[in-house]
Amino acid sequence: MNILVCVKRVPAPGARINITEDGQAVDTAFLGFTVSPHEECAVEQAVQLVEKHGGEVTVLTLGPAEAEEQLRTAVSVGAAKAVLVPITESDWDPQRTAQAIASVITDLENANGKFDLVLFGNESADSCGYQVGIRVALKLGRPMVNGAKGLDIEGSVAKVRRESDAGQEIYMLPMPSAVGVKEGINLPRYPTMKGRLASKKVDVTRTESTGSVGGLKMIQLQRPPERVSNTQILGTGPEAASAVVDLLEELGVFK
Amino acid sequence: MSVLAVIEHDRGTIASASLGVLTAARNLASQIGTTLEAVTVGANADALSSVAAQYGATAVHQAHHAALTDFGPEAWGEAVAQVVKKISPQVVIGTGTERGHEVVAQVAARLDLPASMNCTEFDSSFTGDQPLKVVRARWGGSLLEQAEVDAPIKLVTLANHTVEAVESPTSATNTVHDVELNDSVMHSFVKDRVERVAGVTLATAPVVVSGGRGVGSAEAFAPLEELAGLLGGVVGCSRAVTNNGWRNHTDQVGQTGTRIAPDIYIACGISGAIQHWVGAMASKNILAINTDKEANIVTKAGYAVIGDLHKIVPAISEEIRRRRG
């Protein structure tokens, strides 16, 4: 069972996201970087499936040279191989990204055989495009379901569970297939000492790829209107309980 | 020429987000001087034509195929793509939901067109011929992006809850389109369902009592459970809590958890990082209980109590019981 997981390097914002003066990017001067949360779970899911069924996990990212850090993080929690598709711009549009990734996957598969599963995050934390995985899967000719909150292998079929307003939906995708994973599918592990060592030693394969510029163009980023609240302090400590219950009564939630 | 609304439904029951989409699509259609049309997928959605007409659609395209009895992202995407190809609308608007994003992304991939998800605004000077300028939500809505969709057919989804549904009754002509679906789209269908046990959920609860890192442990959520129970609400939590394994991810409020909009959100020991805030910001009222009066959540909340949640939460429950007698 060979699984490829596509991840994205994104800033890890705290209480506020600032943008650069020219409005072209998030100001990351004081921010760390991380793997987009849904994809962190996709890596974990892939590692769990390989532990159960054998095989290995390859992790791939399209991003700046620094994204090697996120690939190594994935290796530290169980991925075996890492592929970086370097770009010089800060981000590519979804069509271009998908084209480049699909072409790298095709090359990898021509050399080493097909991945049984190609996993993505449901959407990236930063650009929230909801489409790269779907575009890649179509180019590769794999069935694809997004939003997975459960993923098991039953024979040659990937069983995907996802949540809806009414309950849970089950999808059965014959492999090779592609799945977009959502946070909550598992609780990602922390790296072990052995994992950390492996992440330092792993050779990150650099594979150049191109794609034609797509039709969605970012013009600039802007901050949404700030929520201004004249916070009414109801009190300090347990003595405030009475004021709180008065408020609940006033709002009609305490009857 | 038209603006096409993609109607989301579940086996014939319309998704409420579709009504906002119809309204937004109608506004855009009237701005550029064209008609509002709608597309439904599967014969089980034919009856929704009257709903579309109620919101101003003058033509409803009904994609039919024997396999379209339940949701399937690829089959739906292919069906809508074939209708779009046939009628060449200027703009296609889908719902900003899991299914809506997925179907529009499938249409985009199949027609090799750009797509802009979670739009909150459309350019008011758009006349239909030039690239469509939009504002779209990034980072779950904590950052906005001005973008341009440059393609003959502009595919977008409307961020949920950004446009209020307003009726504008007319009558619609129905056109059935028998779409062709090959085997490649037949796998990703809903094969089985597990219905949720009826009850209050995090997404629909009128009261959510939520805990963050400040709660300290899984056991320390008991007083929050008690307060939520007294108010007919449910317990939520922040991502830090889920990551610590104190509660299930199903309780997580935030960008990668559940978006909530309760009558009151009681946030206990939560700092209010961006990831959490975007999931809670639609709450009608927010009461923050926090030791730090400078915490992000306190400055954004309408109401706050400063102090130790472990003492304050039980005191509130006690006061409720006292008043109820």
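Going down the list, the sequences are from chains A and B. The opening position of the first sequence corresponds to residue -8 in this note's numbering, with each subsequent residue numbered one higher. The opening position of the second sequence corresponds to residue 419 in this note's numbering, with each subsequent residue numbered one higher. Glycine included, every Cβ here is placed at the ideal spot set by N, Cα and C.
Pairwise C-alpha distance: residue j and residue i
i: residue 432 of chain B; j: residue 155 of chain A; result: 14 Å
i: residue 647 of chain B; j: residue 41 of chain A; result: 42 Å
i: residue 89 of chain A; j: residue 7 of chain A; result: 30 Å
i: residue 642 of chain B; j: residue 75 of chain A; result: 45 Å
i: residue 36 of chain A; j: residue 637 of chain B; result: 28 Å
i: residue 29 of chain A; j: residue 630 of chain B; result: 20 Å
i: residue 443 of chain B; j: residue 591 of chain B; result: 17 Å
i: residue 644 of chain B; j: residue 686 of chain B; result: 14 Å
i: residue -8 of chain A; j: residue 92 of chain A; result: 21 Å
i: residue 694 of chain B; j: residue 716 of chain B; result: 13 Å
i: residue 193 of chain A; j: residue 77 of chain A; result: 17 Å
i: residue 136 of chain A; j: residue 221 of chain A; result: 44 Å
i: residue 559 of chain B; j: residue 696 of chain B; result: 6 Å
i: residue 547 of chain B; j: residue 510 of chain B; result: 14 Å
i: residue 703 of chain B; j: residue 234 of chain A; result: 15 Å
i: residue -3 of chain A; j: residue 441 of chain B; result: 37 Å
i: residue 166 of chain A; j: residue 83 of chain A; result: 29 Å
i: residue 499 of chain B; j: residue 421 of chain B; result: 14 Å
i: residue 587 of chain B; j: residue 503 of chain B; result: 27 Å
i: residue 480 of chain B; j: residue 149 of chain A; result: 31 Å
i: residue 246 of chain A; j: residue 610 of chain B; result: 40 Å
i: residue 464 of chain B; j: residue 430 of chain B; result: 8 Å
i: residue 100 of chain A; j: residue 472 of chain B; result: 51 Å
i: residue 85 of chain A; j: residue 662 of chain B; result: 33 Å
i: residue 168 of chain A; j: residue 225 of chain A; result: 55 Å
i: residue 722 of chain B; j: residue 459 of chain B; result: 48 Å
Cβ separation of residue i and residue j, assumed to be a contact under 8 Å, to the nearest whole Å
i: residue 655 of chain B; j: residue 628 of chain B; result: 6 Å
i: residue 232 of chain A; j: residue 736 of chain B; result: 7 Å
i: residue 724 of chain B; j: residue 708 of chain B; result: 7 Å
i: residue 107 of chain A; j: residue -6 of chain A; result: 6 Å
i: residue 652 of chain B; j: residue 603 of chain B; result: Their Cβ separation, rounded to whole angstroms, is 38 Å, which puts residue 652 of chain B and residue 603 of chain B out of contact at 8 Å.
i: residue 449 of chain B; j: residue 492 of chain B; result: That belief does not hold up - the Cβ atoms of residue 449 of chain B and residue 492 of chain B are roughly 33 Å apart, past 8 Å.
i: residue 426 of chain B; j: residue 518 of chain B; result: 5 Å
i: residue 593 of chain B; j: residue 477 of chain B; result: 7 Å
i: residue 70 of chain A; j: residue 95 of chain A; result: Wrong, their Cβ atoms sit about 16 Å apart, outside the cutoff.
i: residue 142 of chain A; j: residue 172 of chain A; result: 7 Å
Cβ shell of residue i (< 7 Å), same chain only, five flanking positions each side left out
i: residue 534 of chain B; result: 552, 554, 565, 567, 574
Residue i at chain B interface by Cβ criterion, 8 Å
i: residue 5 of chain A; result: yes
i: residue 245 of chain A; result: yes
i: residue 35 of chain A; result: no
i: residue 119 of chain A; result: yes
i: residue 92 of chain A; result: no
i: residue 167 of chain A; result: no
i: residue 146 of chain A; result: no
i: residue 88 of chain A; result: no
i: residue 208 of chain A; result: yes
i: residue 226 of chain A; result: yes
i: residue 236 of chain A; result: yes
i: residue 15 of chain A; result: no
i: residue 200 of chain A; result: no
i: residue 63 of chain A; result: no
i: residue 180 of chain A; result: no
i: residue 233 of chain A; result: yes
i: residue 211 of chain A; result: yes
Below-8 Å beta-carbon distance, residue i vs any chain A residue
i: residue 683 of chain B; result: no
i: residue 548 of chain B; result: no
i: residue 508 of chain B; result: no
i: residue 729 of chain B; result: yes
i: residue 580 of chain B; result: no
i: residue 598 of chain B; result: no
i: residue 724 of chain B; result: yes
i: residue 504 of chain B; result: no
i: residue 558 of chain B; result: yes
i: residue 630 of chain B; result: no
Neighbourhood of residue i by C-beta distance below 6 Å, restricted to the same chain and skipping five residues each side
i: residue 580 of chain B; result: 538
i: residue 63 of chain A; result: 190
i: residue 569 of chain B; result: 531, 532
i: residue 744 of chain B; result: Residue numbering for chain B in the displayed model covers 419 to 743; residue 744 of chain B lies beyond these limits and cannot be assessed.
i: residue 205 of chain A; result: 84, 86, 87
Beta-carbon contacts of residue i that lie in its chain and below 8 Å, excluding the five residues immediately before and after
i: residue 161 of chain A; result: 150, 151, 152
i: residue 608 of chain B; result: 488, 489, 490
is_contact[residue i, chain E] using C-beta, thresh 8 Å
i: residue 78 of chain A; result: Protein chains A and B are contained in the structure displayed, whereas chain E is not.
Of all the beta strand (DSSP E) runs that stay within the bounds of the stretch 609 to 671 of chain B, which reach a length of 3 or more residues?
Those beta strand (DSSP E) runs which fall completely within the stretch 609 to 671 of chain B and span 3+ residues are 610 to 613, 625 to 629, 652 to 655.
As an exercise, report each continuous beta strand (DSSP E) stretch of at least 3 residues that is fully enclosed by the stretch 471 to 501 of chain B, in chain order.
The qualifying runs are 477 to 482.
What are the start and end residues of each continuous alpha helix (DSSP H) run of 4 or more residues lying completely inside the stretch 71 to 126 of chain A, in chain order?
Complete alpha helix (DSSP H) runs here, min 4: 85 to 103.
Mind pulling the alpha helix (DSSP H) runs of 4 or more residues that sit fully within the stretch 165 to 196 of chain A?
Here the runs fully enclosed are 184 to 192.
If you scan the stretch 3 to 71 of chain A from start to end, which runs of the alpha helix (DSSP H) of 4 or more residues do you find wholly inside it?
Taken in chain order, the complete alpha helix (DSSP H) segments of 4 or more residues contained in the stretch 3 to 71 of chain A are 28 to 44, 59 to 67.
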